[in-house]
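Scroll down for the structure; my scribbles are underneath it.
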Ligand code: FES
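Residue numbers (the working numbering): 118 to 216.
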């Protein structure tokens, strides 16, 4: 069972796949997604298999998500911010938006 260790009572509002949720200030995007959306943070480009955050320290890359419109961000390495838009990444990123 996962337990949140960071809890100073401050809340920031973000959206996860368009759904408004309250996240705890200071926690990572990956932690917020695990707490609110449960399960997969992305699906693989080849088979579409669901993947979820694993290491929570920037090593495994299982937490790749679209954060504020930018794909392939490591959710475990980004702290939530007020108004942030998070999307769980489905398959390969959209190359049209890649820069
Ligand atoms: S959870 Fe492993 S890199 Fe983010």
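For every residue, glycine included, the Cβ atom is placed at its ideal position computed from N, Cα and C.
What residues come near ligand 1, if near means a beta carbon less than 7 Å from any of its heavy atoms?
147, 170, 171, 172, 173, 174, 175, 176, 177, 178, 179, 180, 191, 192, 193 and 194
Are at least three pairs of beta-carbons, each pair with one atom in the stretch 129-136 and one in the stretch 166-177, less than 8 Å apart?
Between the stretch 129-136 and the stretch 166-177, the count of Cβ pairs shorter than 8 Å is below three; the stretches do not touch.
Backbone secondary structure at residue 152 - three-state DSSP:
The sequence position of residue 152 within the chain shown is 35, counting from 1. Residue 152: helix per DSSP, three-state reduction.
Answer with buried or exposed for residue 163, where buried requires no fewer than 16 other C-beta atoms within 10 angstroms of its C-beta.
One-based indexing of the chain shown puts residue 163 at position 46. Counting Cβ neighbours within 10 Å, residue 163 comes out exposed, since fewer than 16 surround it.
Do you know how far the Cα of residue 195 is from the Cα of residue 126?
Within the chain shown, residue 126 is the residue found at index 9, counting from 1. Within the chain shown, residue 195 is the residue found at index 78, counting from 1. Answer to the nearest angstrom: the Cα atoms are 19 Å apart.
Is DSSP giving residue 194 helix, strand or coil here?
Taking the first residue of the chain shown as 1, we reach residue 194 at position 77. Looking at residue 194 - three-state DSSP - the assignment turns out to be helix.
Using DSSP with H/G/I as helix, E/B as strand and the rest coil, what is residue 209?
Numbered from 1 along the chain shown, position 92 holds the residue referred to as residue 209. Here residue 209 carries a coil assignment [DSSP, helix/strand/coil].
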